[in-house]
Each structure stands twice: as structure tokens, then as C-alpha cells.
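Asks: Supplied in C-alpha cells, the structure appears directly below.
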Amino acid sequence: MHSVIDMKWAVLATWKMSENGNRIASEILSENGKASEAVLQGISDVEDNPNFHSVGFGGRPDINCRVILDGGYMDGDTLHFGAVGAIEGFRSPIHIAYSLKEGDANNFLVGKGAEEYAEKHGFEKRDNLTKEMVALYEQEKEKRKQLSAYDGHDTVCFLAKDTYNSICAGTSTSGLFMKEKGRLGDTPVVGNGFYADSKTGAAAATGMGEEIMKGCLSYGAVMYMKMGMSAQESAERVLWELHNELVERNGYANPMSLIVLDKDGNFGVSTNIEFTFTYASDQHPGETYIAKPVEGRTVITKATEE
127 MHSVIDMKWA
137 VLATWKMSEN
147 GNRIASEILS
157 ENGKASEAVL
167 QGISDVEDNP
177 NFHSVGFGGR
187 PDINCRVILD
197 GGYMDGDTLH
207 FGAVGAIEGF
217 RSPIHIAYSL
227 KEGDANNFLV
237 GKGAEEYAEK
247 HGFEKRDNLT
257 KEMVALYEQE
267 KEKRKQLSAY
277 DGHDTVCFLA
287 KDTYNSICAG
297 TSTSGLFMKE
307 KGRLGDTPVV
317 GNGFYADSKT
327 GAAAATGMGE
337 EIMKGCLSYG
347 AVMYMKMGMS
357 AQESAERVLW
367 ELHNELVERN
377 GYANPMSLIV
387 LDKDGNFGVS
397 TNIEFTFTYA
407 SDQHPGETYI
417 AKPVEGRTVI
427 TKATEE
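All the letters of the sequence shown, read from the start, carry residue numbers 127 to 432 under the working numbering.
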């Protein structure tokens, strides 16, 4: 599964919820479409689906029962990126983030500034809070202090390589369930939640954002590939180094998962908790996989229908 093969195109995404988005992205790439379009459309599919409660429409609310969204995008050809954080009332953080990648300043906007920018540029508005999530909030709000990263916090991350050898990365999330007002995790932070370099590869993370930011996981994975490691080796090295360091210093490490795609379209995945992801390329039909941590390394198997 991890032998080095030169793919014409490839797409790698986090969680089972990316299955349909991965199919959409694969169709775009197989018809010589751009990696950027594949990532945007793949993530948008998840953002628009109310059955997924950690991204976009139907996302889990914050401490004030408001759905606050984050998103990021990076162009591996130019190293330009765009990101939005703590934005409310808009349909697609990934599209807003993508639009911010041009220019050398004002690439990362948050809160009211991001919302004013999105409104000024005509991005579609939407109330992302659903009745189902209001009911869940009322049911769970007294348990807030007991919640952890994967209690509804599953960032959707897409990495893609196209037939033009361009690579990009994108992320979108509603963040930690019942997060404090103004809280940002790793998802919109370049180098932490995502990173892309077409000369080397790309990486993206999901899990407890505060933990991921302690090790700059996505940038670290790409740097290890630049040093000559495979996608899988780099994914394992950077995640387990941080995991072990945190355990040594604090006695524990919160959940973290990392996906990596090299410049040839080969993937690597590492995790310290059970985690699902999807992958497809011109040489591999779309599949969903399960990654599990076993004695300091990651074991990957194809998911069953169940």
C-alpha cells in the first residue's frame, strides 16, 4: 500500500464523511481538472451535508449555541495560502479561504473582519445551526467539561495532486463542540492544520487543535518528506515524536491524526486514535480505510461495509 508509485492524480481526505466528496474530487481529477477545484468541491460536499455534525451546515455549536466555522487553503505551486477563522453565517469557509490566497498580505482573516470581507465579496450566507444541533446542545451543555476532541470535532481535510503535478490542501470545520467564544484550533492555521508544497507534498491534521499546534504537524511532515522520507515515514515520525514528547512532559497526549500525500500521489497516515480516511488515484479506486495506533505505529486496513 505504501510502495512509491508515480500517480497521475490522487486525492486523500479525512474521515468516512469524505467518501462522496472524494468521488467528486476524483471525477474532476480524472478529467484533467485542477487539484484546487477537486479540493474545493470535495470539501463543499461535506460542508453542505447536515448529516455531518462537525463541518458547515449542521455543525456542532459553541458554548453560546452558535455554529462558528474555520477553514484554510494552500496552493502548493506558489506557497500562497488563505484562511478564515471564527466566521458565522456563511455557507462555505473553504471558498472564502481560497479567495484570500492572492496577494502577500491579508491572507488570514478572523471574526467580524472575515465576515465583512465575505459579505463584501458576495459569498453565500447561511444559518448553519439546525434544530438537531440545538437539541444536542441542550442535552449536552451540562457535560461540557467532560467533552474531548473527537466528541463531534472531525475536521474535513482534502489533499490533492492533479495531472499538472500541482498539489494543494484544504480544511474546514465547526471546531470543538461547545468551544469558548473566539477559540481557534489548528484547522485554519497554515503549517499546523494544513500545508502544501508541489515540489514535495502536502499534509493536513485533525484532532485536538491545541495539541497539533504544539508540534506544527503538517509543516513537519512535509519537511520530513523534503529530507527524503516517504509519506508514511514522515507521517509516523512527526506525529509520534509529538505524541511521545507530550506524554513525557504532561503524562498524556490528546487525539491527533495526520494525512500526508507526496508529490507522486502516494499517501501516508498516522494517528494516536482510531481514525478513518479515504483515498483514490488513477491507479487506485476510491476506498475508505481505518487507521489504528498499535505500539507506537499506525496500522492501516481497508474498511468493511459495516
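Where is the CB? At the ideal position from N, CA and C, for every residue including glycine.
Starting from the C-beta of S356, find all residues in its chain whose C-beta is less than 8 Å away, skip the five residues before and the five after it, and write them out in chain order.
Replies: Mapped onto the sequence shown, residue 356 falls at position 230. Result list for S356: H128, V130, D388, N392 and G394, in chain order.
Asks: Candidates R186, A379 and V420: which alpha carbon is nearest K305's?
Replies: As a first step, residue 305 must be located in the sequence shown, where it is residue number 179. It is R186.
Asks: K150 to V282, Cα distance in whole Å?
Replies: Taking the first residue of the sequence shown as 1, we reach residue 150 at position 24. Taking the first residue of the sequence shown as 1, we reach residue 282 at position 156. In the sequence as displayed, the identity of residue 150 is Ile instead of Lys. Using only the alpha carbons, I get a separation of about 15 Å.
Asks: Inspect the beta-carbon positions of K298 and P411 and report whether they are closer than 7 Å.
Replies: Here residue 298 refers to the residue found at position 172 when the sequence shown is read from its first residue. Here residue 411 refers to the residue found at position 285 when the sequence shown is read from its first residue. The sequence shown places Ser at residue 298, rather than the Lys named in the question. No, Cβ-Cβ distance for S298 and P411 is not below 7 Å.
Asks: Between the region 345-359 and the region 314-331, are three or more C-beta pairs nearer than 8 Å?
Replies: Enough Cβ pairs lie closer than 8 Å, so yes.
Asks: Could you name the residues of the same chain whose beta carbon sits closer than 6 Å to that of I338, not counting the 5 residues immediately before and after it, in chain order?
Replies: Here the question's residue 338 lines up with position 212 in the sequence shown. Closer than 6 Å at the Cβ level, and outside the excluded window around I338, lie D312, N318, A331 and M382.
Asks: Out of V425, K269 and G197, point me to the one whose CA is closest to F403's CA.
Replies: The residue given as residue 403 occupies position 277 in the sequence shown. The shortest C-alpha separation from F403 is found at V425.
Asks: Does DSSP put G208 in a helix, a strand or coil?
Replies: For the purposes of this step, residue 208 is taken as the residue at position 82 of the sequence shown. Looking at G208 - three-state DSSP - the assignment turns out to be strand.
Asks: How many angstroms separate the CA atom of S225 from the CA atom of H247?
Replies: By one-based count along the sequence shown, residue 225 stands at place 99. By one-based count along the sequence shown, residue 247 stands at place 121. Distance between the alpha carbons of S225 and H247 is about 9 Å.
Asks: Along the chain, where does the beta strand (DSSP E) that runs through E413 open and close?
Replies: For the purposes of this step, residue 413 is taken as the residue at position 287 of the sequence shown. Where E413 is concerned, the enclosing beta strand (DSSP E) stretches over H410 to V420.
Asks: Measuring straight from C-alpha to C-alpha, what distance separates E359 and E400?
Replies: As a position in the sequence shown, residue 359 is number 233, starting the count at 1. As a position in the sequence shown, residue 400 is number 274, starting the count at 1. Using only the alpha carbons, I get a separation of about 19 Å.
Asks: With 16 as the cutoff for other CB atoms within 10 Å, does M440 come out buried or exposed?
Replies: Within the shown structure, residues of the chain are numbered from 127 to 432, placing residue 440 beyond reach of any answer.
Asks: When burial is assigned at 16 or more other CB atoms within 10 Å of the CB, is A231 buried or exposed?
Replies: Along the sequence shown, read from residue 1 onward, the residue named residue 231 stands at position 105. Per the 10 Å Cβ criterion, exposed.
Asks: By the 10 Å Cβ neighbour count, where 16 or more other Cβ atoms means buried, how is N376 classified, buried or exposed?
Replies: Taking the sequence shown and counting its residues from 1, the one referred to as residue 376 is at position 250. Exposed, because fewer than 16 other Cβ atoms sit within 10 Å of the Cβ of N376.
Asks: Can you list the beta strand (DSSP E) stretches of 3 or more residues lying completely in the region 293-335, in chain order?
Replies: If we require 3 residues or more, the beta strand (DSSP E) runs fully inside the region 293-335 come out as 293-299, 320-323 and 327-333.
Asks: Out of N177, V316 and E173, point me to the one whose CA is closest to K227's CA.
Replies: Here residue 227 refers to the residue found at position 101 of the sequence shown. Comparing Cα-Cα distances from K227 to each of N177, V316 and E173, the minimum goes to V316.
Asks: Can you determine whether any heavy atom of the ligand NAP sits closer than 6 Å to the C-beta of M259, and answer yes or no?
Replies: Within the structure as shown, the ligand NAP is missing, as the structure has no ligands at all.
Asks: Anyone know if the C-beta pair for L195 and S344 falls short of 7 Å?
Replies: Counted from its first residue, the sequence shown places residue 195 at position 69. Counted from its first residue, the sequence shown places residue 344 at position 218. Going by C-beta atoms, L195 is not nearer than 7 Å to S344.
Asks: According to DSSP, is A357 part of a helix, a strand, or is it coil?
Replies: Sequence index remark: in the sequence shown, residue 357 carries index 231 (1-based). In this structure, A357 counts as helix in the three-state DSSP scheme.
Asks: If contacts are defined as beta-carbon pairs under 8 Å, then E214 and E173 qualify, I think. What distance do you get, rounded to the angstrom?
Replies: Reading the sequence shown from its first residue, position 88 is the one you call residue 214. Reading the sequence shown from its first residue, position 47 is the one you call residue 173. Between E173 and E214 the Cβ distance is about 14 Å, and since that is not below 8 Å, they are no contact.
Asks: Is the region 247-259 touching the region 154-165, taking contact as three or more C-beta pairs under 8 Å?
Replies: At 8 Å Cβ cutoff, the stretches do not touch.
Asks: Classify S344 as helix, strand or coil using the three-state DSSP reduction.
Replies: Indexing the sequence shown from 1 puts residue 344 at position 218. In this structure, S344 counts as helix in the three-state DSSP scheme.
Asks: Rank N175, V236, F234 and P314 by C-alpha distance to the C-alpha of R217 and give the top, closest one.
Replies: Indexing the sequence shown from 1 puts residue 217 at position 91. Answer by Cα proximity: N175.
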